[in-house]
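Top line first, the protein sequences correspond to chains L and A.
Counting from 1, one number per residue, gives the positions in the first sequence under the numbering used here.
Counting from 1001, one number per residue, gives the positions in the second sequence under the numbering used here.
Each residue gets a CB set at the ideal place from its N, CA and C atoms; glycine is no exception.
From a predicted model like this one, the values you see are computed outputs, not experimental measurements.
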Amino acid sequence: MARIQLRDLCGVRCGDKGDISDISLFADDLAAYEAVLSEVTPERVKAHFGALVAGPVERYEAGNVLALKFVLHQALGGGAPRSLRSDNLGKTHGASLLRLWIEVPEEVASGARRRHAPVSR
Amino acid sequence: MDEDGTAVITKPEKAGGMVSFDTVREQLLYEVHDPARYLNPDVVADFTSLTLTDLGEDRVRLSAARGGPAPETYKGLVCTPAGWAGELRVAYCWPDAEAKARAAVRYVRSRAEATGLPVEEWCEEYFGVNAYGGPTVDLAAADASGWEPPEVIARLAWRTADPESAGRLGREVGVLGLSGPPGISGTGRGRDGRPTQLLAVEPFTVERALVDAQVRVSVAEA
C-alpha cells in the first residue's frame, strides 16, 4: 500500500444549499474509485472537517461517473446569508477535502495523474 | 435531445472552454445532494443510472438516464432576519506574524467583554495560516518544518442583534495601530470594489509672516 494525498488522485467540485456543503469527489479510473470508496468514508470526512462541520456527513455513490458525493450538514455557519465566515459558500471545502491522506494500492498511487500547477513568478 | 432520451452535450465550435467526460460529470453532480434522487419540479432524476461517453472534440453523449414520478412538493425558501455582522481585518508581517495577529484579535474581543457588548457569535480567521481550511490544515507539520508565514491577515467577525452594537466594536480597533503588536499593516485600498481617489503630496515651506496662526476643531463621526 502507498500513502497519497487526495489532491494527487482526485478532482473535486463543491457548492452550497442553505447550510449544507455539497462536495463531489471524482476519480480518474475504476481502481482509484474503488480505493476512495473504501478509504474516504463519511466518518473520515466528518472527522477531517472537525469544527467546520457541526452536523452529520452523508455519502452517496455515483459509480457510473466514478464519483462520490458528500453532503455536509450544518457546514457553513448557518448558510451563506447568515454565516460570519469569509467562505460563506463553502467554495474552499472541496480543496480542504483534497488535503486528506489515504492508503491506496501501489498501482493506484503510481497511476495518479492529477497535476500540480507550475508557478511562474 | 433525441426521442430515446439520449443527448449529446457540446458547445459552439469557436467558443472557449471544454466539453469532456470530466467537465460534464462535474456539472452533472453539482449541488444535487443524493445523485440518485435529484428533485426537479417535473421528475425525480436518477443521475447514477446514466452513461456518459466522451466522443472527443468537445462532444459527450448522455444516455440511459432514468427518472421517477415528479415529487408531491415544490421547494421554497424563506428568509428571516438573523442579526447584524461587523468585522475587522488586520495584517501583521513576519516575524511572529500569527502570534501578533492572534494577540490583536484577543485584544478586540477583550474590549467587547470589557464594554459589555452583546456579541452572540464570533468568527476568527487567519489568512496565511488556515482561514479557509480550518482543522483540515496540518499546522503541527507546518510548525515542525520551521515555516513561518511572511504575513498573516486576521479577520474577526461578530454577530449582534442590532446594527448599533455591531458597529460599536469597530471603533475599538484604532488603538491597535499605535499600541498593539508591531508590524501591523493594511490589507489594501479596496472598498467594495469602488474606485478610490489618489492624492499626490508635496512638502513646501512658507514664510512665518504670511501665516495667521489659529486652531479650529471640528469632530464628525459617521
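| Asked | Found |
| --- | --- |
| Just curious, the beta strand (DSSP E) that Ala1141(A) is in, first and last residue? | Taken as a continuous stretch (DSSP letters only), Ala1141(A) belongs to no beta strand (DSSP E), being part of the alpha helix (DSSP H) at 1139-1145. |
| Check the C-beta distance from Ala1091(A) over to Ser1185(A) and give it rounded, since I have them as a contact under 8 Å. | 5 Å |
| At least one CB of chain A closer than 8 Å to the CB of Thr92(L): is that the case? | yes |
| Three or more C-beta pairs under 8 Å: does that hold for the region 60-73 of chain L against the region 42-52 of chain L? | yes |
| Which runs of the beta strand (DSSP E) fall wholly inside the region 53-80 of chain L and span at least 3 residues, in chain order? | 57-62, 67-72 |
| Taking Cβ-Cβ distances shorter than 8 Å, what residues in chain A pair up with Arg82(L)? | Ala1082 |
| So what does DSSP say about Gly1067(A), is it helix, strand or coil? | strand |
| Alpha carbon to alpha carbon, how far is Asp1022(A) from Ser24(L)? | 12 Å |
| Is the region 59-66 of chain L close to the region 1033-1046 of chain A, with three or more CB pairs under 8 Å? | yes |
| Any beta carbon from chain L within less than 8 Å of Ala1015(A)'s own beta carbon? | no |
| List the DSSP bridge partners of Leu1156(A). | Leu1088(A), Glu1124(A) |
| What whole-angstrom Cβ distance do Leu76(L) and Asp22(L) have, given they're in contact under 8 Å? | Leu76(L) to Asp22(L), Cβ: 10 Å. No contact. |
| Return the first residue and the last residue of the beta strand (DSSP E) that Leu37(L) is part of. | Taken as a continuous stretch (DSSP letters only), Leu37(L) belongs to no beta strand (DSSP E), being part of the alpha helix (DSSP H) at 30-39. |
| Comparing alpha-carbon positions, which option in Val1108(A), Gly1068(A), Arg1025(A) lies nearest Thr1053(A)? | Arg1025(A) |
| Excluding sequence positions up to five away, which residues of its chain have a Cβ less than 6 Å from the Cβ of Leu9(L)? | Ala32, Ala112 |
| Kindly give me the distance between the Cβ atoms of Trp1158(A) and Val1119(A), rounded to whole angstroms, as I take these residues to be in contact under 8 Å. | 5 Å |
| At a CB-CB cut-off below 8 Å, which residues of chain A make contact with Leu52(L)? | Gly1134, Pro1135, Thr1136 |
| For Glu1003(A), does the count of other Cβ atoms within 10 angstroms reach 16, so buried, or fall short, so exposed? | exposed |
| Please name the residues in the region 20-37 of chain L whose beta-carbon is closer than 8 Å to at least one beta-carbon of chain A, in chain order. | Ile20, Asp22, Ser24, Phe26 |
| Gly77(L) touches chain A at which residues, Cβ-Cβ below 9 Å? | Glu1121, Cys1123 |
| What did DSSP end up calling Lys1011(A) once you bin it into helix, strand or coil? | coil |
| Would you call Glu106(L) buried or exposed, if buried means 16 or more other Cβ atoms sit within 10 Å of its Cβ? | exposed |
| Could you name the residues of the region 1157-1188 of chain A whose beta carbon sits closer than 9 Å to any beta carbon of chain L, in the order they occur along the chain? | Ala1157, Trp1158, Arg1159 |
| Check for me: the beta strand (DSSP E) holding Lys17(L) runs from which residue to which? | 10-17 |
| Are any of the Cβ atoms in chain A nearer than 8 Å to that of His48(L)? | yes |
| Measure the Cβ-Cβ separation of Leu1055(A) and Ser1063(A) and say whether it is below 8 Å. | no |
| Based on Cα-Cα distance, which residue from Ala1082(A), Tyr1074(A), Tyr1126(A) lies nearest to Ala1099(A)? | Tyr1126(A) |
| Kindly list the residues whose CB is nearer than 7 Å to the CB of Pro1095(A), restricted to its own chain and excluding five residues on each side of it in sequence; keep chain order. | Glu1148 |
| Is it the case that the Cβ atoms of Glu1151(A) and Gly1128(A) are separated by a distance below 8 Å? | yes |
| Which residue's Cα is closest to the Cα of Leu1178(A): Pro1163(A), Ala1104(A), Gln1197(A)? | Ala1104(A) |
| Measuring CA to CA, which of Ile102(L), Glu58(L), Val57(L), Ser110(L) is closest to Gln5(L)? | Ile102(L) |
| Val104(L) lies in the beta strand (DSSP E); which residues open and close that run? | 101-104 |
| With 8 Å set as the bound, which would you pick, yes or no: does the beta-carbon of Leu1029(A) sit closer than that to a beta-carbon of chain L? | yes |
| Assign Glu1202(A) to one of three DSSP states: helix, strand, or coil. | coil |
| Between Ala1161(A) and the rest of its own chain, which residues show a CB-CB distance below 8 Å, the 5 nearest in sequence each way excluded? | Gly1083, Trp1084, Pro1118, Glu1120 |
| Considering only residues of the same chain and omitting the five flanking positions on each side of Pro1071(A), which have a CB-CB separation below 7 Å? | Leu1039, Val1044 |
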